[in-house]
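For the sequence shown, the positions run 1042 to 1571 when this note's numbering is used.
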Amino acid sequence: MASTVDGTDETASQPTGRSDGQSDVRTDDQSEEYSRRKFMETAAAASAAGVTALAGCSSGDGGTDGNGEQDFLWWTMRGYIPAETEAIKQTAKGYEDAADANVNVTTEVVVWDQVFQEWSASIEGRSMPNVSEMACEHAADFGQRGAARPNTELFNTYDDWYDTISKWGQFDGEYWGMPWFMELRTSHVNMNLLEEAGVSKPPETWAELIETGQAVSENTDASGFTTPGATDFPTGQNLTAMTHQSGGSFYGHSDGKFSVEIDSPASLFAHLWALSLREKWDIAPGGWGGIDSTSGEELYRERRTAIAHLPTDLARSLVDPQEGVSDENKELAEATELTPMPAGPNGERQSFMGGSCMTTFKQNVTRHDIDDKISLGFMDYMTQPDQLDKYFPVSAPNFLPVRSGQEEMELFTDNPTEIPDSWLDARLEQAPNAVRYGVTGAGRVAPFMGSVESNTTGYSTAISGMIGSETDPKKALKAMADKARSGINNADYLDYEVEAPEEPSLDDAPDEVQPWITGDGVPKIYNPYE
């Protein structure tokens, strides 16, 4: 039972230490990407002994504790930051007083590294939690296979969801998964380096980003802009957002069918724009093809890049929400501003969204036989501003709301933390403009998305091949798109095959990006096809 804890024990599994002394906080999407193949293979391999061990973690007989209280179990993956874990556990325990029934709430922490194995074995052993944290891609898959319940009525109780969040759990006429929080990619800007380069403010558009980056690269020893270029989840996540900023998407949905648009003209443009950071404008760091998100953090810490568009674990490591700034981070923390991603050709400052949902499971697979209303009530309870006030401050600046009504929580109205107000304001400004993989373009989630995204390493293979191996951009995109199509067509969810389009051409790219192709009023992109 090493991978789980109850409501009082210390976390059984913590991340390994890092050379910089910070906790190894994995980004949600780097660790949570769902592999259906891995899930099913693990389920098939789960031994009877393993199932028995999982079932043995439970106290009671799956009904009550003998005092009329119903045992209620939920799993969270928040096991990497002790203060965050403890605050969430204490908040969850408060549901015992808030529920309309007598319940005994137990929180188990199952870190992302191990949750797929635990889910697999627990479904086989009918010992699933009543509610589990996951991504909505996972929830749609569990719902498709009859293990999870929809939460449409609860979801529709609120009408102020952010746009992408409002689509994240939608599949087959139902909503699967109650959105819990989101986590965004934000630009970290070293204002001292910008000042050295003669720049007075962070860039607000792609054109200003290039101008600022070139000034930094020419007038300091740092690179102007860093986004991961290696085969890494944040690499593909940022390219996902850049494609949306270019008027495109990686998936579409019309007439009841999904389409894969990873190799669309808009995606081709976005990848060439990103490649231009090195090939045309010389603002990307040296060795860019080998830089993942961890290396990007190191470059920023060492003042070797002025702007790093990365997960906000970097910001949290500079300023702890309770402890404040350590002496070793003081200069960099005071120089850092967080900003939304500069606006792309579509005029939007969009950025990739990670995050989590909560999902309730059916009684035929759960360890404890709990009425559905209790599980739905728990999810509603945990996502109310009064409850979010109890653990969002210790999770700052990572956690963000999923609907506008949650913006009224204390963290954003009367900041009780050591995190700068400007950082929280920038993150909150970015939240409504979040995009997520296929969900934003298709307008809904699909059970196959988690598996496909895992197998493509978050859509990073195309750009990393262009950067590191000088792969032809069209061929790199087609290979990545065809792999996605193959994964979808080989799955058992669809009764049709996703077809491949013709090779993309910049001539067919959206109107808003054409000036970048011709150099009309904005910097001209690198175009190997001229």
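Backbone N, C-alpha and C fix where the C-beta goes; we use that ideal spot for every residue, glycine too.
Note that this is a predicted model, so its numbers are computed, not measured.
Run through DSSP, which three-state label would A1180 get? In the sequence shown, counting from the first residue as 1, residue 1180 sits at position 139. A1180 falls in the helix class under three-state DSSP.
Can you give, in chain order, each stretch of the beta strand (DSSP E) that sits fully within the segment 1239 to 1300 and has at least 3 residues? With a minimum length of 3 residues, the continuous beta strand (DSSP E) runs that stay inside the segment 1239 to 1300 are 1292 to 1295.
Hey, is the segment 1125 to 1135 in contact with the segment 1432 to 1444, meaning 3+ C-beta pairs nearer than 8 Å? Segments in contact, yes.
For the segment 1284 to 1293 and the segment 1265 to 1273, state whether three or more C-beta atom pairs, one from each stretch, are separated by less than 8 Å. Counting C-beta pairs closer than 8 Å gives fewer than three between the segment 1284 to 1293 and the segment 1265 to 1273, which falls short of the contact rule.
I want to know whether the segment 1407 to 1414 touches the segment 1326 to 1333 - three or more CB-CB distances under 8 Å. Between the segment 1407 to 1414 and the segment 1326 to 1333, the count of Cβ pairs shorter than 8 Å is below three; the stretches do not touch.
Chain-order list of residues whose beta-carbon lies under 7 Å from that of W1115 (same chain, five-residue window excluded): Here residue 1115 corresponds to residue number 74 of the sequence shown, with the count starting at 1. Closer than 7 Å at the Cβ level, and outside the excluded window around W1115, lie A1133, T1148, P1170, N1171, V1172, S1173 and F1419.
By the three-class DSSP mapping on this structure, what secondary structure does G1560 have? Residue 1560 sits at position 519 when you count from the first residue of the sequence shown. The three-state secondary structure of G1560, taken from DSSP, is coil.
The beta strand (DSSP E) that contains A1128, what's its start and end? Within the sequence shown, the letter at position 87 stands for residue 1128. In this chain, A1128 is not harboured by any beta strand (DSSP E); it is covered by the alpha helix (DSSP H) spanning P1123 to K1134.
Out of curiosity, what's the CA-to-CA distance linking R1468 and S1228? Start at 1 with the first residue of the sequence shown, and residue 1468 comes out as number 427. Start at 1 with the first residue of the sequence shown, and residue 1228 comes out as number 187. Separation of R1468 and S1228 (C-alpha to C-alpha, rounded to the nearest whole angstrom) is 10 Å.
From the DSSP output, in three-state form, read off P1438 for me. Locating residue 1438 in the sequence shown gives position 397, counting from the first residue. Coil, per DSSP.
Using 10 angstroms around the beta-carbon of Q1447, count the other beta-carbons present and answer buried if the total reaches 16, otherwise exposed. Residue mapping note: residue 1447 aligns to position 406 of the sequence shown, counting from 1. Residue burial annotation: Q1447 is buried, with at least 16 other C-beta atoms found within 10 angstroms of its C-beta.
For T1281 and L1309, what's the separation of their Cα atoms in angstroms? Within the sequence shown, the letter at position 240 stands for residue 1281. Within the sequence shown, the letter at position 268 stands for residue 1309. Going from the Cα of T1281 to the Cα of L1309 covers about 12 Å.
Stretch-stretch touch, CB-based, cutoff 8 Å, three pairs: the segment 1153 to 1167 with the segment 1354 to 1372: Contact fails: fewer than three Cβ-Cβ distances are below 8 Å.
V1493 and A1181: beta carbons closer than 7 Å? As a working note, residue 1493 is residue 452 in the sequence shown. As a working note, residue 1181 is residue 140 in the sequence shown. For the 7 Å CB-CB criterion, V1493 and A1181 do not form a contact.
Hey, out of N1279, D1466, T1353 and Q1255, whose CA is closest to K1321's CA? Reading the sequence shown from its first residue, position 280 is the one you call residue 1321. If we check each option's Cα against that of K1321, Q1255 comes out closest.
Apply the 10 Å Cβ neighbour rule to N1405 and answer buried if 16 or more other Cβ atoms are within range, or exposed otherwise. On the sequence shown, residue 1405 is found 364 positions in, with the first residue counted as 1. The residue is exposed, with fewer than 16 neighbouring Cβ atoms inside 10 Å.
What are the complete alpha helix (DSSP H) segments, minimum 4 residues, inside the segment 1193 to 1224? The segment 1193 to 1224 contains, as complete alpha helix (DSSP H) runs of 4+ residues, the segments 1193 to 1196 and 1204 to 1209 (chain order).
From what residue to what residue does the beta strand (DSSP E) around M1399 run? Taking the first residue of the sequence shown as 1, we reach residue 1399 at position 358. That run of the beta strand (DSSP E) goes S1392 to T1401.
If we count the other Cβ atoms within 10 Å of its Cβ and call it buried at 16 or more, is G1560 buried or exposed? As a first step, residue 1560 is located in the sequence shown; it is residue number 519 there, counting from the start. The residue is exposed, with fewer than 16 neighbouring Cβ atoms inside 10 Å.
Quick one: residues in its chain with C-beta nearer than 8 Å to the C-beta of S1463, no 5 flanking neighbours on either side, listed in chain order? Against the sequence shown, residue 1463 aligns to sequence position 422. Within its own chain, the residues whose Cβ lies closer than 8 Å to the Cβ of S1463, once the five positions on either side in sequence are excluded, are E1378 and L1379, listed in chain order.
The segment 1512 to 1529 in contact with the segment 1193 to 1212 per 3-pair CB rule at 8 Å: The segment 1512 to 1529 makes no contact with the segment 1193 to 1212; the number of CB pairs closer than 8 Å stays below 3.
With a cut-off of 8 Å, do at least 3 Cβ pairs link the segment 1414 to 1430 to the segment 1494 to 1513? No, because fewer than three Cβ pairs between the segment 1414 to 1430 and the segment 1494 to 1513 fall closer than 8 Å, the two stretches do not touch.
Going by DSSP, what residues sit across from S1173 in a beta bridge? Position 132 of the sequence shown holds residue 1173. According to DSSP, residue pairing for S1173 in a beta bridge involves W1116 and T1400.
Taking Cβ positions, are T1498 and T1284 nearer each other than 7 Å? Within the sequence shown, numbered from 1, the residue matching residue 1498 stands at position 457. Within the sequence shown, numbered from 1, the residue matching residue 1284 stands at position 243. For T1498 and T1284, no; Cβs fall outside 7 Å.
Any chance the segment 1216 to 1226 sits against the segment 1524 to 1534, with 3 or more Cβ pairs inside 8 Å? They do not touch, by the three-pair rule.
For D1138, count neighbouring Cβ atoms within 10 angstroms of its own Cβ and tell me buried if that reaches 16, exposed if not. The count along the sequence shown starts at 1 and reaches residue 1138 at position 97. Exposed is the call here.
Bridge partners for A1525 per DSSP, in chain order? Here residue 1525 refers to the residue found at position 484 of the sequence shown. The partner list for A1525 (beta bridge, DSSP) is empty, contrary to what the question assumes.
Excluding sequence positions up to five away, which residues of its chain have a Cβ less than 6 Å from the Cβ of F1196? Start at 1 with the first residue of the sequence shown, and residue 1196 comes out as number 155. Taken in chain order, the residues that qualify are Y1216.
Could you check the C-alpha separation between Q1471 and Y1203 for me, to the nearest Å? As a first step, residue 1471 is located in the sequence shown; it is residue number 430 there, counting from the start. As a first step, residue 1203 is located in the sequence shown; it is residue number 162 there, counting from the start. Taking the straight line from one Cα to the other gives about 11 Å.
The alpha helix (DSSP H) with N1496 in it runs from where to where? For the purposes of this step, residue 1496 is taken as residue 455 along the sequence shown, with counting starting at 1. Per DSSP, N1496 is one residue of the alpha helix (DSSP H) stretching across M1490 to N1496.
Option nearest G1396 by Cα separation, candidates E1159, R1226, T1193 and Q1158: Here residue 1396 corresponds to residue number 355 of the sequence shown, with the count starting at 1. Ranking the options by Cα distance to G1396, first place goes to R1226.
Would you call the CB atoms of I1206 and P1191 closer than 7 Å? Locating residue 1206 in the sequence shown gives position 165, counting from the first residue. Locating residue 1191 in the sequence shown gives position 150, counting from the first residue. No, the pair does not count as a contact, with Cβ atoms beyond the cut-off.
Can you name, in chain order, every residue of its own chain whose Cβ lies under 6 Å from the Cβ of S1392, other than the five neighbours on each side? Counting from one through the sequence shown, the residue named residue 1392 turns up at place 351. Correct list, in chain order: L1225, R1226, A1282, M1382 and Q1471.
Can you check whether the CB of G1479 is closer than 7 Å to the CB of Y1292? Counting from one through the sequence shown, the residue named residue 1292 turns up at place 251. Counting from one through the sequence shown, the residue named residue 1479 turns up at place 438. Yes.
Does N1474 pass the burial test, meaning 16 or more other C-beta atoms within 10 Å, or should it be called exposed? For the purposes of this step, residue 1474 is taken as residue 433 along the sequence shown, with counting starting at 1. Classification of N1474: buried, given that the 10 Å Cβ count is 16 or more.
Limits of the unbroken alpha helix (DSSP H) element including I1508: Mapped onto the sequence shown, residue 1508 falls at position 467. Looking at the DSSP string, the run of the alpha helix (DSSP H) that includes I1508 is T1502 to S1510.
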